[in-house]
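Numbering (this note's numbering), first residue to last: 29 to 433. Even for Gly, the Cβ is constructed at its ideal location relative to N, Cα and C. Just so we're clear, the structure is a prediction, and the values are computed from it rather than from any experiment.
Okay, here's the thing in C-alpha cells:
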C-alpha cells in the first residue's frame, strides 16, 4: 500500500496513517523542496530504526505554477492500492490533491478523513477497495523528541525499564517506605537528601556503605547536616532502608539497602519523580495492558543537539507516551512558583507540538488561597493539568489521575 500525505506542521499527523497501516511506500507532499526533503529524512530515519522497509518519497507542489494537477496526478501511475490521508496538512494542497484524484481515477484508492481518533474511509477508485486493517500506532519518548529536532542527552536510570509487574512492585515498596517518611515534611526530606549527597561528594561513601565523623563534618562546615542525620537515619533504619546503622563516638555509618534506595536518598526531589514514573509503569488500560507505551524520568532534552551549550538544555521530570501523544509531567515535592508553569509549557510546545499534554504534580502550592487560585487559573490558561496534594493520594488514586491525562 502507498500512503499519500500532505505535510502538516505536526509530525503526529504526518506519521499516523503510515504507522497505522504499515505502508510500504509513503509520499509526502509539500510546498518547499528543502523543507519537504528535510522532513522526509527524519521519517526515513524513524522507519529504518524500526526495521520497516518503507520507501519515503518527497514531492514538491507549488500552487499557481500551472503544473500542480499534472504533478499530483502522476503520483497514481504506479499500479498499487492507495490510501490518501486528508487528515491535516496544507488546505490548498489538499484541495489540489482532491482534484488530482478526480482526474487520475486510480484503480484502488481510499480517502481517509475525519480525525486521528475517528476514522472514516471513502472509496476514491474505480474498483471497490477493502478497508485496510490498521493497528494502534505509537511513538517512543526518544522518537518523539527526535521528531521535534531534539535529542535525549541523559535520563535517570533506576533499573525499572523492562522489569515485570512484581519487580516494579518491589521497587515501589521501597519507594513507598521512603514516601511515608517524606510526605510528613517534604522540605526536611529534601534537606537531608542534600546533606547525604554533599557528604558523598566529599568521599563519605564506599560501595553502599556510608560513614562520616562529626570532626570531619565540622571541618567541612557540614555540622548542621551531621546533626540532622541523627533524627533522619533512625527513621530510615526502622523502615529497612538503612541497614547496620551505627551512631556512636562521634561517627555515623550505615549501609544503603540497595542501589535504588541510594539513588532516591541522595537526590532531593527525585522521590516524587520516581513515584510518578513507577506509577505510570503500573497504570493499566481497560484491556489490562500497560496504558503508556513508553516512560522515562529525569529526561535531559537538548534543544539543538549541541550539549555544550547549557542554555539549550532543559530537563523534564517524567515524559510518557500514550499512543502517539506525549505527556510532559513536572514534579514538585514542595511549593512551586508560576515560572514552573511557563517552563513546562515551553518544553512541551518545543518537543511535543500541539498534541502534547502537560501536567504538574505537586505536594504543595504557594500556601496562600488567593495565590493558589491564581496559579490554578494560569495553569488552565496554559493547558496544564494540576494534580495537587499528591502525597495524600493512594497508589490507586495516583494511577487513576495519570490515566485521566
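Helix, strand or coil: which one does DSSP assign to residue i?
i	result
residue 335	Reliability fails at residue 335, whose pLDDT of 47 lies under 50, so the model's placement of it is uncertain and no value is given.
residue 318	strand
residue 166	coil
residue 5	Examination of residue 5 is not possible in this model, given that the chain is present from 29 through 433 alone.
residue 324	strand
residue 285	coil
residue 108	coil
residue 90	coil
residue 186	coil
residue 386	strand
residue 34	strand
residue 257	helix
residue 39	helix
residue 417	coil
residue 404	helix
residue 173	helix
residue 273	strand
residue 295	coil
residue 181	strand
residue 99	helix
residue 267	coil
residue 340	helix
residue 348	strand
residue 399	helix
residue 279	strand
residue 224	helix
residue 237	strand
Exposed or buried, which one is residue i when buried takes at least 16 other CB atoms within 10 Å?
i	result
residue 397	exposed
residue 344	buried
residue 94	exposed
residue 365	exposed
residue 123	exposed
residue 336	Low confidence applies to residue 336: its pLDDT is 47, below 50, so where it sits in the model is not reliable enough to give any reading.
residue 268	exposed
residue 245	buried
residue 36	buried
residue 178	buried
List the whole-angstrom C-beta distance separating residue i from residue j, where the pair is believed to meet the contact cut-off of C-beta under 8 Å.
i	j	result
residue 322	residue 298	So it is not a contact: roughly 20 Å between Cβ atoms.
residue 110	residue 352	About 22 Å; that fails the 8 Å criterion.
residue 128	residue 101	5 Å
residue 38	residue 381	5 Å
Thinking C-alpha only, which one of the options is nearest residue i?
i	options	result
residue 434	73, 32, 65	Residue 434 falls outside the range modelled here, since the chain spans only 29 to 433, and no answer is possible.
residue 207	130, 221, 195	221
residue 212	237, 369, 260, 172	260
residue 270	253, 424, 278, 288	288
residue 423	308, 279, 262	308
residue 191	96, 306, 330	306
residue 428	320, 376, 363	320
residue 265	164, 293, 245	293
residue 29	130, 193, 112	112
residue 81	65, 47, 58, 114	47
residue 120	104, 133, 91	91
residue 180	283, 379, 391	379
residue 285	203, 231, 242	203
residue 199	326, 209, 186	186
residue 183	330, 363, 52, 167	330
residue 417	233, 375, 360	360
Which two residues bound the contiguous alpha helix (DSSP H) that contains residue i?
i	result
residue 367	366-380
residue 49	Element bounds for residue 49: n/a, residue is neither H nor E.
residue 301	298-310
residue 126	119-132
residue 243	242-247
residue 427	423-431
What residue range is occupied by the uninterrupted beta strand (DSSP E) comprising residue i?
i	result
residue 206	Run containing residue 206: none in the beta strand (DSSP E); it sits in the alpha helix (DSSP H), 193-212.
residue 58	53-58
residue 450	The question about residue 450 has no answer, for the chain in this structure spans 29 to 433.
residue 82	Segment: none, residue 82 is in no beta strand (DSSP E) and carries neither H nor E.
Hey, is residue i's beta-carbon within less than 8 Å of any beta-carbon in chain D?
i	result
residue 429	Absent from the structure is chain D; it holds one protein chain and no more.
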